Amino acid sequence: MSWDKSVKEIKWNDVMETERYEYTVGPAGEEFFNGLKQGKIVGSKCSKCGKVYVPARFYCEDCFVKIDNYVEVDKGSAYVDSYTVIYKDDEGHVLEKPVYIALIRFPNTVGGLLCYAEGNVRIGAKVRITNFDWPLRVMVE
Amino acid sequence: MKVNMYLNKRVAIVGAGLTLFRRRLLETPQEIAWEASRKALDEAGLELKDIDCIVIGSAPDAFDGVHLKGEYLSHGSGGIGKPVSRVYVGGATGVMTAIAGWYHVASGMCQKVLAVAEEKMSPARPHPQSVFKYIWDPILEKPLNPNLIWIFAMEMHRYMAKYGIKKEEIALVSVKNKRNAMNNPYAQLGSNITVDDVLNSEVLVWPVQLLDVSPVSDGGAAIVLASEDVARRYTDTPVWVEGVGWTLDNTEWPARDLSYARYVEFAARMAYKMAGIERPNKEIDVVEPYDPFDYKELHHLEALQLAKRGEAPTLLKEGIFDIDGDIPSSPSGGLLGVGNPIAAAGLMKVASIYWQLKGTAGKMQVKKPVHTGVAQSWGDLMQAGTVIVLRN
Numbered sequence: 010m011s012w013d014k015s016v017k018e019i020k021w022n023d024v025m026e027t028e029r030y031e032y033t034v035g036p037a038g039e040e041f042f043n044g045l046k047q048g049k050i051v052g053s054k055c056s057k058c059g060k061v062y063v064p065a066r067f068y069c070e071d072c073f074v075k076i077d078n079y080v081e082v083d084k085g086s087a088y089v090d091s092y093t094v095i096y097k098d099d100e101g102h103v104l105e106k107p108v109y110i111a112l113i114r115f116p117n118t119v120g121g122l123l124c125y126a127e128g129n130v131r132i133g134a135k136v137r138i139t140n141f142d143w144p145l146r147v148m149v150e
Numbered sequence: 044m045k046v047n048m049y050l051n052k053r054v055a056i057v058g059a060g061l062t063l064f065r066r067r068l069l070e071t072p073q074e075i076a077w078e079a080s081r082k083a084l085d086e087a088g089l090e091l092k093d094i095d096c097i098v099i100g101s102a103p104d105a106f107d108g109v110h111l112k113g114e115y116l117s118h119g120s121g122g123i124g125k126p127v128s129r130v131y132v133g134g135a136t137g138v139m140t141a142i143a144g145w146y147h148v149a150s151g152m153c154q155k156v157l158a159v160a161e162e163k164m165s166p167a168r169p170h171p172q173s174v175f176k177y178i179w180d181p182i183l184e185k186p187l188n189p190n191l192i193w194i195f196a197m198e199m200h201r202y203m204a205k206y207g208i209k210k211e212e213i214a215l216v217s218v219k220n221k222r223n224a225m226n227n228p229y230a231q232l233g234s235n236i237t238v239d240d241v242l243n244s245e246v247l248v249w250p251v252q253l254l255d256v257s258p259v260s261d262g263g264a265a266i267v268l269a270s271e272d273v274a275r276r277y278t279d280t281p282v283w284v285e286g287v288g289w290t291l292d293n294t295e296w297p298a299r300d301l302s303y304a305r306y307v308e309f310a311a312r313m314a315y316k317m318a319g320i321e322r323p324n325k326e327i328d329v330v331e332p333y334d335p336f337d338y339k340e341l342h343h344l345e346a347l348q349l350a351k352r353g354e355a356p357t358l359l360k361e362g363i364f365d366i367d368g369d370i371p372s373s374p375s376g377g378l379l380g381v382g383n384p385i386a387a388a389g390l391m392k393v394a395s396i397y398w399q400l401k402g403t404a405g406k407m408q409v410k411k412p413v414h415t416g417v418a419q420s421w422g423d424l425m426q427a428g429t430v431i432v433l434r435n
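Which chain is which? The protein sequence lines are A and B, in order.
Counting from 1 along the first sequence, just add 9 to a position and that's the residue number in our numbering.
Counting from 1 along the second sequence, just add 43 to a position and that's the residue number in our numbering.
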């Protein structure tokens, strides 16, 4: 994770420009991303209200308690909640092939994941996660 | 000074929470905000559903590297489905967060308010200092490519020159605060150092040396404020917000007297007037002035009217501001000892005074009995001052 990286010591007289940022994923994020490495979707379940957050969260935003209970979510149950189609890149050039971006969700969980989608993309359709590197890629059956 | 301000309700602090102050905390900014908020609610004996509104304080978005940080932090601060606002006045944000919480209650609009301040300074590379690159006048100042330490060095130098103050005298602040921080379980940089250590540390921008400066840090702080009638239901030992003050001086900093913090004086006079304080140095028992640099604590003690101009170093040497002195200053260890996650550091000062007045400051508790305490923070381009007076 990001905090494992060794960082060059900064002197006061080095060039001071924010060149980049290095973010932490947090303890819950670590569970989620380690899960992806094993091909799993990891959520976390609030012990008070029972809600399951995907991706895993460190606390329940409603009950406001810490969540220690990490659970594997059935990745086969993922479906397309909504999607969009991108025709141009950041600089306005027309892409060779339109790119589908889907918001996928899992039944009875809170949250959703943005991913690249292929196949016959349509709302409500089941998806199969084909690549667990981030961002995810999914095939709509 | 006349302030057109009309109060409806008396306001108390009923709970406070802090996270560790550390360089590169593992938690995300949202998680840091949540941890501080949770602790404050626990101390107050309240649940999130009891809270009417949320105030979030955070310094530039660029520190955490997330734009619109108020929105970003809102679910960690318990803001979902509630009125939420974010305040930002640079380094003065921490105390401003408490003040903004206060006015939501004092106006009669809300009964219970959660005020949360968070800062994560570690994501910015190569150094968080660089986020200040664009705060300067683009024509008059930017061509010299200044950074903040430059102008503080000039301020420090002017202060030393005007009153004939030596670096040895200023270094005592760093010695005192880092020593006090050893009693603070949240502190990043508590240590027993000597004046020589400060004078022998690396020169950053003369006369500012490494141990004159507070460390870069990540951290969160939160307090719960309640109106008088509600506060009495939840605690036997409410700590009252008796006075608040906030002012903005001229942003044209080269035109100001660098040896005196007028912006803090204005804010302090406003707060003292509200609290009915006429002789600050007799009536104030404990103080947490903003100390991102050691000379800055002296600067602010003078502007808070706790020492005459140029005399704070003498009083410091006499032990007046020690933890067992007449007016203990930064008993928490301040920013020099606890760390400086900007907004969180300011609210940490309010929380520290609250615990002092409640008598639950543990090893940080000052020796004398305390009834009136003051927390102060300062920021923007050296022009924003915020002061809060608490009483038990």
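Just so it is clear, CB atoms sit at the ideal spot from N, CA and C, and this is done for glycine as well.
Since the structure is predicted, the reported quantities are computational estimates derived from the model, not experimental observations.
Is DSSP giving T139 of chain A helix, strand or coil here? strand
Beta carbon proximity, I385 of chain B to chain A, threshold 7 Å: no
For the stretch 262 to 270 of chain B against the stretch 139 to 158 of chain B, do three or more pairs of beta-carbon atoms, one drawn from each stretch, fall closer than 8 Å, so that the two count as touching? yes
What number of angstroms, rounded off, separates the C-alpha of L145 of chain A from the C-alpha of R81 of chain B? 33 Å
Compare the beta carbon distance of D337 of chain B and I178 of chain B with 7 Å and say whether it is the shorter of the two. no
Nonlocal neighbours in the same chain, by C-beta distance under 6 Å from A87 of chain A, ignoring five residues either side: I113, F115 and V136
From B:K325, B:F195 and B:A230, residue whose alpha carbon lies closest to that of M407 of chain B: B:A230
Every unbroken beta strand (DSSP E) within the stretch 117 to 142 of chain B, with a cutoff of 3 residues, ordered by chain: 127 to 130
State the CB to CB distance for the pair V130 of chain A and Y109 of chain A, rounded to an integer number of angstroms; the pair is presumed to be in contact (CB under 8 Å). 5 Å
In chain order, what are the residue ranges of uninterrupted alpha helix (DSSP H) at least 4 long that sit wholly in the stretch 143 to 220 of chain B? 191 to 206
Using a C-beta to C-beta distance shorter than 7 Å, which residues of chain A count as neighbours of G446 of chain B? This structure cannot settle anything about residue 446 of chain B, because the visible part of chain B is limited to 44 through 435.
In chain order, what are the residue ranges of uninterrupted alpha helix (DSSP H) at least 4 long that sit wholly in the stretch 59 to 87 of chain A? none
Kindly indicate if chain B contains any beta-carbon less than 7 Å away from that of F67 of chain A. yes
What do you reckon, are the CB atoms on G380 of chain B and L254 of chain B nearer than 7 Å? no
Alpha carbon to alpha carbon, how far is S209 of chain B from V284 of chain B? Looking at the sequence itself, residue 209 of chain B is Lys, so the reference to Ser does not match. If you take the alpha carbons of K209 of chain B and V284 of chain B, they lie about 37 Å apart.
Quick check on D142 of chain A: buried or exposed, where buried means 16 or more other Cβ atoms within 10 Å of its Cβ? exposed
For A269 of chain B and I94 of chain B, what's the separation of their Cα atoms in angstroms? 9 Å
Using a Cβ-Cβ cut-off of less than 7 Å, list which residues of the stretch 158 to 172 of chain B approach chain A; keep chain order. P166, A167, R168, P169, H170 and Q172
Indicate the three-state DSSP secondary structure (helix, strand or coil) for S11 of chain A in the structure shown. Its pLDDT being 44, under 50, S11 of chain A is placed unreliably in this model, and the value from its coordinates should be taken loosely. Correct three-state label for S11 of chain A: helix.
Using a Cβ cut-off of 7 Å (strictly closer), state whether G58 of chain B contacts chain A. no
Among B:K52, B:P169 and B:L50, which residue has its Cα nearest to the Cα of G108 of chain B? B:P169
With H, G and I counted as helix, E and B as strand and the rest as coil, what does DSSP make of D279 of chain B? coil
What is the rounded straight-line gap between the Cα of T71 of chain B and the Cα of K205 of chain B? 45 Å
Assuming contact is defined by CB atoms lying nearer than 7 Å, are E331 of chain B and S395 of chain B in contact in what I supplied? yes
Cutoff 7 Å; reference D367 of chain B; Cβ partners in own chain excluding five residues on either side: K410
Closest residue to N435 of chain B among B:I385, B:T278 and B:L89 (Cα-Cα distance): B:T278
Are the beta-carbon atoms of V430 of chain B and A310 of chain B separated by less than 7 Å? yes
Along the stretch 69 to 81 of chain B, where does the CB come closer than 7 Å to a CB of chain A? Name the residues. L69, E70, T71, E74, W77 and R81
Quick check on H200 of chain B - is its C-beta less than 7 Å from some C-beta in chain A? no
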